[in-house]
Amino acid sequence: MGVQSLAVACGALALCLALTTATNPGFVVRITQAGLDYANQQGIAILEKELAQLKLPDISGKSGKVHYDLSRLRLPNFRLPYSRITPVSNVGLQVSISKASAELDGNCRVKFLLIRSSGSFNLKVENVSIKIILRLGSDITGKPTISTSDCSASISKVRVLFSGKLGWLYNLFHKTIESRLRKNFESEVCDSVAKSVQNKLQKQILTLPVTVKVDNKTGIDYSLVAPPRATAQYLDLDLKGEFYSLAKRFTVPFSPLPLAFPSDHERMVYFGASSYFFNTAGIAYQKAGALVFEITEAMIPKEAGFRLDTSVFSAFIPQLEEMYPNMPMKFRLSAPTAPFLTIGPGGISFQPIVDAQAYAILPNSSLVPLFLLSLTIESRACMSPVLQAKAFLPSLPTSQVRVMQSIMNVLTSRVVLPRVNARLHEGWHLPIPNGVQLSNVLVKFHQNFLLLGADLHM
Numbered sequence: 001m002g003v004q005s006l007a008v009a010c011g012a013l014a015l016c017l018a019l020t021t022a023t024n025p026g027f028v029v030r031i032t033q034a035g036l037d038y039a040n041q042q043g044i045a046i047l048e049k050e051l052a053q054l055k056l057p058d059i060s061g062k063s064g065k066v067h068y069d070l071s072r073l074r075l076p077n078f079r080l081p082y083s084r085i086t087p088v089s090n091v092g093l094q095v096s097i098s099k100a101s102a103e104l105d106g107n108c109r110v111k112f113l114l115i116r117s118s119g120s121f122n123l124k125v126e127n128v129s130i131k132i133i134l135r136l137g138s139d140i141t142g143k144p145t146i147s148t149s150d151c152s153a154s155i156s157k158v159r160v161l162f163s164g165k166l167g168w169l170y171n172l173f174h175k176t177i178e179s180r181l182r183k184n185f186e187s188e189v190c191d192s193v194a195k196s197v198q199n200k201l202q203k204q205i206l207t208l209p210v211t212v213k214v215d216n217k218t219g220i221d222y223s224l225v226a227p228p229r230a231t232a233q234y235l236d237l238d239l240k241g242e243f244y245s246l247a248k249r250f251t252v253p254f255s256p257l258p259l260a261f262p263s264d265h266e267r268m269v270y271f272g273a274s275s276y277f278f279n280t281a282g283i284a285y286q287k288a289g290a291l292v293f294e295i296t297e298a299m300i301p302k303e304a305g306f307r308l309d310t311s312v313f314s315a316f317i318p319q320l321e322e323m324y325p326n327m328p329m330k331f332r333l334s335a336p337t338a339p340f341l342t343i344g345p346g347g348i349s350f351q352p353i354v355d356a357q358a359y360a361i362l363p364n365s366s367l368v369p370l371f372l373l374s375l376t377i378e379s380r381a382c383m384s385p386v387l388q389a390k391a392f393l394p395s396l397p398t399s400q401v402r403v404m405q406s407i408m409n410v411l412t413s414r415v416v417l418p419r420v421n422a423r424l425h426e427g428w429h430l431p432i433p434n435g436v437q438l439s440n441v442l443v444k445f446h447q448n449f450l451l452l453g454a455d456l457h458m
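Numbering (full-length UniProt numbering), first residue to last: 1 to 458.
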């Protein structure tokens, strides 16, 4: 669990991913050095436990006329007081550990001429330095891969303390023992790291989902479009960032634009959600038939100053008063095409076209279609992702536009938009591991994408 948790904490803050043919990502995750430092804090304690489980082989040999056997080698503790994870350009991550120390216990048997002795020994290992290079990549399915491309361990000081009546005898060959134990220890540390990365960390990463379910209509594809990119300051993960309908996958008729990420590094992690990301959501929900809203009398606020019945619209359509006098009405709003938004430094804006089908509700509750309006709803979000809207009706005569527009503005701003904003406030699933929470959140608008910065805690 140690090396596994260490790399999961630093690399799998967003490594729930997969490959695609798109050139540009629809969603970007950037892990800064502050984020890697936090990952290091979370993972180093478990790495100590992992290294404390090292199994060293028995040692036997001869030094001069002394024959010795060391067995049942145990490592009761391994301390890692200084460590850091840093990105390595074009490779992945480097885990650097310095001034580590460990203790090793075991049994010892010695034969010198006619003298035989047995006892125990304690090995103190000090000033251990370990450097691990983790190469990050992606497989043909787009899931991330991680492997140990290099590992080195060095020990500057080893001390062996023997117990028993013939302690002087052990001193005849302690330098030989120290040398062999040092080599074995350095080798076993790197072997343990490599096995943990391959057998535990990589296997766990392969089980991470690259798609998440948003609701009963849509999901999000957070697959990698390229291997993770490391620079000297951060680690970037370029994700597909695409909504899709759970009923049937579709081909998006446009491609994501490049994202010019700012050089901010104050937060631990940054998420860049492009206009492509949000626009695929519009397509997914439109294809799933989810962009349909019904407006009834019960939904009209009292302060609106009118009732939703045929008398309100008889001024525009005189036949209503004759055929369906004072009958309650219902509007069914639907999007004939997927809404398309744009994101810029000033905020989010979009003008979806909405069909508003009006019905009269007969006494037997059956519906009679009355008329169909084609609306253009101008919506905008500035400093927060909350939409404000006005409805425009280009299909009506100019003399009737103002009154009808006022009515439709009430319906959209008081009924439709609160429902849309309520869904926006629920947010969407970010590509972070379970148990990780965001704090100190920052939201900014940039050209073609929304930037979300945050610190992490568990």
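Cβ atoms here follow ideal geometry from the backbone N, Cα and C, with glycine treated the same way.
Quick caveat: nothing in here was measured; it's all calculated off a predicted structure.
DSSP has residue i in a bridge; who is on the other side?
{"i": "N107", "result": "S71, S120"}
{"i": "F27", "result": "L239, A273"}
{"i": "K157", "result": "E126"}
{"i": "L451", "result": "G272, K444"}
{"i": "residue 477", "result": "What the structure shows of the chain is the stretch from 1 to 458, and residue 477 is not part of that stretch, so it cannot be assessed."}
{"i": "R151", "result": "Looking at the sequence itself, residue 151 is Cys, so the reference to Arg does not match. Answer by DSSP bridge pairing, in chain order: I132."}
{"i": "H457", "result": "Q437"}
{"i": "G92", "result": "V88, R135"}
{"i": "P76", "result": "Looking at the DSSP assignment, P76 forms no beta bridge with any residue, so it has no partner."}
For residue i, which residues of its own chain have a beta-carbon under 7 Å away from its beta-carbon, when the five flanking residues on both sides are left out?
{"i": "T20", "result": "Caution is warranted here: a pLDDT of 37 is assigned to T20, below 50, making its placement in the model unreliable, and no coordinate value can be reported."}
{"i": "Y38", "result": "M268, L456"}
{"i": "I130", "result": "I97, A100, A153, V189"}
{"i": "A9", "result": "Unreliable placement is indicated for A9, whose pLDDT of 41 sits below 50; the coordinate value is still reported in the next sentence. Result list for A9: A39, Q42, G43, in chain order."}
{"i": "V193", "result": "V3, I132, T148, C151"}
Whose C-beta lies closer than 8 Å to the C-beta of residue i among residues of the same chain, with five residues either side of it excluded?
{"i": "E294", "result": "K330, F331, R332, L333"}
{"i": "Q33", "result": "T86, P87, Q233, Y234, H265"}
{"i": "H174", "result": "V160, F162"}
{"i": "S439", "result": "A454, D455, L456, H457"}
{"i": "A22", "result": "With a pLDDT of only 44 at A22, under 50, the local geometry of the prediction cannot be trusted, and the value read off the model is given with reservation. Around A22: V225, K240, S255, P256."}
{"i": "V214", "result": "I220, F243, W428, H429"}
Grab the span of the beta strand (DSSP E) containing residue i for me, first residue to last.
{"i": "K62", "result": "59–63"}
{"i": "A34", "result": "Note, A34: premise wrong, no beta strand (DSSP E); alpha helix (DSSP H) at 33–51."}
{"i": "L259", "result": "Segment: none, L259 is in no beta strand (DSSP E) and carries neither H nor E."}
{"i": "E242", "result": "242–245"}
{"i": "F293", "result": "292–295"}
{"i": "I343", "result": "341–344"}
{"i": "T211", "result": "211–213"}
{"i": "residue 459", "result": "A question about residue 459 goes unanswered here, because the residues of the chain that appear run from 1 up to 458."}
{"i": "G347", "result": "347–350"}
Contact defined as beta carbons within less than 8 Å: I believe residue i pairs with residue j. What is the distance between those atoms, to the nearest angstrom?
{"i": "I133", "j": "V88", "result": "7 Å"}
{"i": "L259", "j": "F449", "result": "5 Å"}
{"i": "G92", "j": "A230", "result": "6 Å"}
{"i": "N184", "j": "I97", "result": "Between I97 and N184 the Cβ distance is about 19 Å, and since that is not below 8 Å, they are no contact."}
{"i": "S245", "j": "A288", "result": "5 Å"}
{"i": "V158", "j": "V125", "result": "6 Å"}
{"i": "R84", "j": "N107", "result": "Actually they are not in contact, since the Cβ atoms of R84 and N107 sit about 37 Å apart, beyond 8 Å."}
{"i": "P25", "j": "D238", "result": "4 Å"}
{"i": "L80", "j": "L104", "result": "L80 to L104, Cβ: 16 Å. No contact."}
{"i": "P433", "j": "V29", "result": "Wrong, their Cβ atoms sit about 12 Å apart, outside the cutoff."}
{"i": "V252", "j": "H429", "result": "That belief does not hold up - the Cβ atoms of V252 and H429 are roughly 19 Å apart, past 8 Å."}
{"i": "Q198", "j": "S147", "result": "7 Å"}
{"i": "P345", "j": "H446", "result": "6 Å"}
{"i": "I283", "j": "F250", "result": "7 Å"}
Please say whether residue j and residue i have beta carbons closer to each other than 8 Å?
{"i": "M408", "j": "Q42", "result": "no"}
{"i": "A360", "j": "M327", "result": "yes"}
{"i": "D236", "j": "P227", "result": "no"}
{"i": "F243", "j": "A281", "result": "yes"}
{"i": "S275", "j": "I353", "result": "no"}
{"i": "I300", "j": "L291", "result": "no"}
{"i": "S120", "j": "R109", "result": "no"}
{"i": "T337", "j": "Y285", "result": "no"}
{"i": "L370", "j": "L320", "result": "yes"}
{"i": "L114", "j": "L181", "result": "no"}
Excluding the 5 residues preceding and the 5 following residue i in the sequence, name in chain order all residues of the same chain whose CB lies nearer than 6 Å to its CB.
{"i": "S156", "result": "N127"}
{"i": "C190", "result": "C151, A153"}
{"i": "L451", "result": "G272, K444"}
{"i": "L51", "result": "F78"}
{"i": "A304", "result": "V410"}
{"i": "I177", "result": "V160"}
Which residue marks the beginning of the alpha helix (DSSP H) containing residue i, and which one marks its end?
{"i": "M323", "result": "319–323"}
{"i": "H429", "result": "No alpha helix (DSSP H) contains H429, which DSSP labels as neither H nor E."}
{"i": "F313", "result": "310–313"}
{"i": "D191", "result": "174–196"}
{"i": "I205", "result": "202–207"}
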